[in-house]
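Have a look at the structure below before the remarks.
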Amino acid sequence: MLRVYPTTQRSATNRIVAAFQAVLGKSNVILYDTQVDVSTRFSMDSGIRGGDWLEVPVIEGAANSHGDHKMRGSRKSACDIELACTWDQKKREVTYFGRTIQIHSFAESQRWSALPPLKIVSLSVERHRAPVPDSQWRDRGQECPDPIRMISMVTTYENGGHLPHSRTKVLMLNLTGLEKLADKAGGSTGKTTRKVGGLRVGGSWVTRLYKDEAALLQAFDDFMIQEDPSLVTGFEVGESLRVLLGRAEALKMRTFGTFSRRRGEMISVKSQQSYGAKWVKDKPRMSATTNQEGTEVHCPGRVVLDLMRVIQMSEALRLYTLGDISMHVLGRTFEVLDTGSVEALLTEEDSTGWARAMEAGLSPAVLALDVIAKKNAVAELVEIARVTGMSLAHVYIRGQMARVTSMLQIHASRQGVVVPTSTEGLLDKAALVKSALLLDPSQPSPSNPEGIGTVGLHTNPVAVLDFRSLYPSIMIHHNLCYSTLIRNPSETRTCLSKDGIFSTPIGACFVKSEVRRGVIPSLLADLLEARSQAQKMLKEPYVSEGQRRVLDARQKAFKLAANAVYGFTGATVNSLFSREIGDSVLALGREYMSHVISLVGKDHPELKVVYGDTDSVFVEYPAWTSEAAETHSKELLTPALNKKLPSRVQLKHEKVLAPLLLQHIRRYAGYEYVNGGPGESPRFNRRSLHIKGMEAVARNSMPFLVNMMEDTLAIILTSGASSGRVDLEAVKETIRQRVAALMTNKIDLYSLTWTKGLWRLGEYDAKLPHVHLVAKLELQDPRRQFRVGERVAYVFVQREASAPLYRKAESPPLALTNNMTLDLMEYLKQIRMPMVRMLQLVMPMAEAEELFKPSYRAAPAGKVSGVSSISHFFAIDTGLRCLNCRTKLPKSREKNTKRHDRSQGGLERPGTRLCASCKDAPLKCILPCQEALRFCETEHQKAYSHCSRCQRGSRHWKVLCFNETCPVMYHRERFAYEREQAALKVEEMEAALSPYV
1 MLRVYPTTQR SATNRIVAAF QAVLGKSNVI LYDTQVDVST RFSMDSGIRG
51 GDWLEVPVIE GAANSHGDHK MRGSRKSACD IELACTWDQK KREVTYFGRT
101 IQIHSFAESQ RWSALPPLKI VSLSVERHRA PVPDSQWRDR GQECPDPIRM
151 ISMVTTYENG GHLPHSRTKV LMLNLTGLEK LADKAGGSTG KTTRKVGGLR
201 VGGSWVTRLY KDEAALLQAF DDFMIQEDPS LVTGFEVGES LRVLLGRAEA
251 LKMRTFGTFS RRRGEMISVK SQQSYGAKWV KDKPRMSATT NQEGTEVHCP
301 GRVVLDLMRV IQMSEALRLY TLGDISMHVL GRTFEVLDTG SVEALLTEED
351 STGWARAMEA GLSPAVLALD VIAKKNAVAE LVEIARVTGM SLAHVYIRGQ
401 MARVTSMLQI HASRQGVVVP TSTEGLLDKA ALVKSALLLD PSQPSPSNPE
451 GIGTVGLHTN PVAVLDFRSL YPSIMIHHNL CYSTLIRNPS ETRTCLSKDG
501 IFSTPIGACF VKSEVRRGVI PSLLADLLEA RSQAQKMLKE PYVSEGQRRV
551 LDARQKAFKL AANAVYGFTG ATVNSLFSRE IGDSVLALGR EYMSHVISLV
601 GKDHPELKVV YGDTDSVFVE YPAWTSEAAE THSKELLTPA LNKKLPSRVQ
651 LKHEKVLAPL LLQHIRRYAG YEYVNGGPGE SPRFNRRSLH IKGMEAVARN
701 SMPFLVNMME DTLAIILTSG ASSGRVDLEA VKETIRQRVA ALMTNKIDLY
751 SLTWTKGLWR LGEYDAKLPH VHLVAKLELQ DPRRQFRVGE RVAYVFVQRE
801 ASAPLYRKAE SPPLALTNNM TLDLMEYLKQ IRMPMVRMLQ LVMPMAEAEE
851 LFKPSYRAAP AGKVSGVSSI SHFFAIDTGL RCLNCRTKLP KSREKNTKRH
901 DRSQGGLERP GTRLCASCKD APLKCILPCQ EALRFCETEH QKAYSHCSRC
951 QRGSRHWKVL CFNETCPVMY HRERFAYERE QAALKVEEME AALSPYV
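For the sequence shown, the positions run 1 to 997 when full-length UniProt numbering is used.
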């Protein structure tokens, strides 16, 4: 058998391997390290990682007068320091000007933990929606013909782990079609100050005006070269650069895109997807949260950081729009102006409109820098690169598999071990058969014999004990690794003593650490130890704020890296997948969980284990107070259990839940006990409410269902904690009020919006609402292109009676603009099942279902979408009814009214739309209408005032925001329509009552 270890380029290696395979046979040639890219190979050999500080000795005659180390002759890059040297891979030496030198790497020491002052440019691109003569441009693979209207850049520095407040804002504007603005500007470059049109706007910026799109693009190229940023960021910045490159290509600008730091090399952008379409279809559950389509930007010398990718990997949001990100990350609303509003502002006579449009163009770039500062994104980027050994440009482009592979290869190289390209033929590639231990709280039955019957409400305190990094600890303690796995135990036992081999519950055998330390256990031990050191340094009082942010990012990077190692070994998509390691870890985890559960039952018979999940054990303290349970769990129970566990596999007290509502496996809710101190009562608030697995924390759920479930849980848990019994009447009354509000159309459209992820493009096996809506929206607007991983918002509107569910899906902005009628009965059906599943734990199922059977019909609102006029003819009663009480008028009056209408040219005779009883009580008719009008005016004014405070600039400006993820916007638009309808109702009622008042 021939084993190949490449030291040359990959193309040459492939030719050599192909030659050997042709002679010896493919099965007799094992490849090692053939898939290692150039950057990882250099990190393996030199020890230099992404984000490291380098110390290079000064050589006389090699530096210029400014101290920059440059190569003799012309420079190859635009870097501040350019070091041209020779790297000897075999000797692992650097030759510089004929001398062998040592390059030292610093990253983990406290002195070198701070970040350099990196220049950052945040980018935002705004397009002008031009008329599209041909809608088939997308089918032909051409770029959208919409020209670039403005490019916004905000420049700042990353300084010691935090972003300073000083920022330079530059806005480049294309004047095509804006002749009035060009005439009044009086030049190609101007500056907009803090006072524009007599009104104050948010800060100053430099505005540069250009006669056409080509001049704008060329100026942007020159700006990037002149500013020379180290990091380019923005929301979907890769897509923005792709658009700029596409427009430059359409304009035949051959030299655009040369702002990389490698002279003469143009940038490039390509699409990237986490998983292929076939794999996603075969394993939809595994890809349902991780499959994302993005862009990879090749810009040598500069790091392109897409903030959208950072947020997607760290935050589970319902939608990933700028408004949603601003609200959840920064805690503030964000004004969104559509393209039409921006164009209208630019064509206004007043300079105030111009300033407002430019501010709207700059705001996404400013928001990106605010998110960077809040998320500590630059420090985390650098620390992940330092931990994994990847380059800064690849950290967020490549996934967890690439990160662990890089770590494993570098760590193995330090130990003199090479990593095989694939374990095909070496290890068992069958799928995992073991699973983590889950105690089913449901009642035992013939179909479910493993149920322990603990489902329901537990008013006694329940302590939650967690294992500390269970799977990494198991791999370290039992030395589980590719390098310690014994493939043929029967043959190996003759060479090793029985004490040197460890056999797992599935029968796999591994060499113990006393014989040989595994690569993966060694790597995990180093990661956990480094994280512990970083956490200790965080507690030191002398650590500066900048160092604290870097250290916090470092300990997070170590945690992410350690937790990803087991998933790497057990992932079937991984070329190094090993069933022996994956199943062994799961089986050992089950044993430790079972051991802890048996110890609790044996040594502490007064306690009861009510639930267990993977690495967590829920222990109930019957008839104990929450304070006593917390003290006992921390000081007695956890230490006693840890004494009977290996030193590497330890438990920790996590929290006390009192009370706890157990619904199913991985579905529970409870209030965390918060000790208020001596003499104070425990505090229960929304922040201490822990919910897992229920629809209340699912981002697919609509806000109405989330709020109703949270409020119901709060009543169940608080009443159960205080009295030991659930206040069922309060629960029922809350649900009745919410259902009544839903069926009478008193809920805003925002609260009735569902969201789903689009995990693959093309045909699905089933007709899903969000997939059908995506196809319809792309057909309506060829500019709208959905990507894999994008989340789609939709509402259910009324269609014909036989319409399937997926045809009822509609875009929320479109439904709001056209005032479509929602299918409220469908909403009631959608919320009934999750609510009944929860309520049946505290009340009979029949009573729970009765709460969702209203005795009244849904109130109409707006117009029915997709229903023909003939359907209206058969579905709606066309007879005249009283304006006030809706009583049907007599046939004689209806006939007289029709004759009178024909004689009066179609005008209805005053008084004919009121019944006899309403004519005698005019005040009872008009006062409710006027009260409804005042209510609508008040609600609209409240929302409008809130929006005026949110918008950039003056509060006196007209509100133009159309933020699709803002509840205030939906509230404002809803009551604007209802105010108009109420005013018409008052006018109509006054006309009907005029003969009798």
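Idealized CB from N, CA, C, for every residue including glycine.
For K195, which residues of its own chain have a beta-carbon under 6 Å away from its beta-carbon, when the five flanking residues on both sides are left out? Bear in mind that the predicted position of K195 carries a pLDDT of just 33, short of 50, making it unreliable; the figure below should be weighed with that in mind. Excluding sequence neighbours, K195 sits near nothing in its chain.
query = Less than 8 Å separating the beta-carbons of E55 and L115?
reply = In this structure, E55 lies away from L115, with their beta-carbon atoms at least 8 Å apart.
Which one of I81, E93, L217 has the shortest CA to CA distance from R127? The candidate whose alpha carbon is nearest that of R127 is L217.
Bounding residues of the alpha helix (DSSP H) (the contiguous stretch that carries L465):
Counting along the chain, no alpha helix (DSSP H) covers L465; the unbroken beta strand (DSSP E) around it starts and ends at 462-467.
Do F796 and D823 count as a contact pair if the criterion is CB distance below 8 Å? With respect to F796, D823 sits close: the two C-beta atoms are nearer than 8 Å.
Next on the checklist: I want to know whether the stretch 435-449 touches the stretch 612-619 - three or more CB-CB distances under 8 Å.
Outcome noted: Yes, the stretch 435-449 is in contact with the stretch 612-619.
key: Exposure of W354, with buried meaning 16 or more beta-carbon neighbours within 10 Å   = Burial call: buried.
Would you tell me roughly how many angstroms separate the C-alpha atoms of R3 and S413, rounded to the nearest one? Interpretation of R3 is limited by its pLDDT of 48, a score under 50 that renders its predicted location unreliable; the figure taken from the coordinates is listed afterwards. Cα to Cα, the separation comes out at about 17 Å.
query: Taking C-alpha atoms, which residue in G294, G570, I831, L641 lies nearest to G601?
result: In terms of Cα proximity to G601, the closest of G294, G570, I831, L641 is L641.
* Per DSSP, what kind of secondary structure is G186 in: helix, strand or coil? -> Confidence at G186 is low in this model, with a pLDDT of 46, below 50, so the placement of that residue should be treated as unreliable; the coordinate-derived value is given next. In this structure, G186 counts as coil in the three-state DSSP scheme.
Select from G507, Q273, V596, S544 the residue whose C-alpha is nearest the C-alpha of K643.
-> Nearest option by C-alpha distance: V596.
### Straight-line Cα distance separating G301 from L661
Cα to Cα, the separation comes out at about 54 Å.
Beta-carbon separation (whole angstroms), L728 vs V455, contact threshold 8 Å:
L728 to V455, Cβ: 18 Å. No contact.
*Does the stretch 354-366 come close enough to the stretch 145-155 to have 3 or more Cβ pairs within less than 8 Å?*
Taking a cut-off of 8 Å for Cβ pairs, the stretch 354-366 and the stretch 145-155 touch, as three or more such pairs fall below it.
*Just mark E529 as buried or exposed, buried being the case when its beta carbon has 16 or more other beta carbons within 10 Å.*
E529 comes out exposed.
Subject >> Beta-carbon spacing of F235, L322 below 8 Å >> reply: Going by beta carbons, F235 and L322 fall inside the 8 Å limit.
### Query
Is there contact here, the stretch 561-581 with the stretch 532-543, by at least three beta-carbon pairs under 8 Å?
No, the stretch 561-581 does not touch the stretch 532-543.
Notebook entry, point to check: Should the stretch 961-975 be regarded as contacting the stretch 332-342, the criterion being three or more beta carbon pairs within less than 8 Å?
Noted result: Three or more Cβ pairs drawn from the stretch 961-975 and the stretch 332-342 lie within less than 8 Å of each other, which places the two stretches in contact.
#### Entry: Cut-off 6 Å between Cβ atoms - residues of its own chain near G500, not counting five sequence neighbours on either side
K512, V515.
Checklist entry - Among the residues of its own chain, which have a CB less than 8 Å from the CB of E383, if the five just before and after it don't count? => result Excluding sequence neighbours, E383 sits near G51, V550, A553, R554, K556, A557.
Near V297, which residues of its chain fall below 7 Å by C-beta distance, leaving aside the five closest residues on each side in sequence? Contacts found: G238, L241, I267, V269, V304.
**Q.** Residues that V232 bridges to, as DSSP identifies them
**A.** According to DSSP, V232 bridges with V121, V304.
7 Å CB neighbourhood of M71 in its chain, flanking five on each side removed: Confidence at M71 is low in this model, with a pLDDT of 44, below 50, so the placement of that residue is unreliable and no value is reported for it.
Residue nearest to C79 in terms of C-alpha spacing, selected from D781, G389, R261: Ranking D781, G389, R261 by Cα distance to C79 puts R261 first.
Do the CB positions of S39 and S391 come within less than 8 Å of each other?
Contact flag set, yes.
- Message: To the nearest angstrom, how far is the alpha carbon of V395 from that of S124?
- Response: C-alpha separation (whole angstroms): 22 Å.
- Query: DSSP three-state call for V774: helix, strand or coil?
  - Reply: Helix, per DSSP.
Q) By Cβ distance, which residues of its chain are closer than 8 Å to V121, with the 5 residues on each side in sequence left out? A) Within the same chain, and ignoring the five residues on either side of V121 in sequence, the residues whose Cβ sits closer than 8 Å to its Cβ are M153, V154, T155, M224, E227, P229, L231, V232, T233.
| field | Proximity to L645 [Cα-Cα], best of Q737, V519, G589 | value | Of the listed residues, the one whose Cα sits closest to L645 is G589.
Q) When burial is assigned at 16 or more other CB atoms within 10 Å of the CB, is R247 buried or exposed? A) Buried, since its Cβ has 16 or more Cβ neighbours within 10 Å.
- Message: I'd like to confirm the pairing. Which residues does DSSP put opposite C509 in its beta bridges?
- Response: Answer is I486, S503.
One or two residues paired with T347 in a DSSP bridge: Paired residues: none, contrary to the question.
Q.
So, with DSSP's three-state summary, where would you put S616?
A. Three-state DSSP puts S616 in a strand.
_Using 8 Å for Cβ pairs, my map puts T484 next to G518. What's the rounded Cβ distance?_
With a Cβ gap of about 4 Å, T484 and G518 count as contacting.
State whether the stretch 468-475 contacts the stretch 569-589, with contact taken as three or more CB pairs (one from each stretch) at a distance under 8 Å. By the C-beta criterion, the stretch 468-475 is judged to be in contact with the stretch 569-589, since at least 3 inter-stretch pairs fall below 8 Å.
* Between the C-alpha atoms of V609 and S469, what's the straight-line distance to the nearest angstrom? -> A straight line joining the alpha-carbon of V609 with that of S469 spans about 21 Å.
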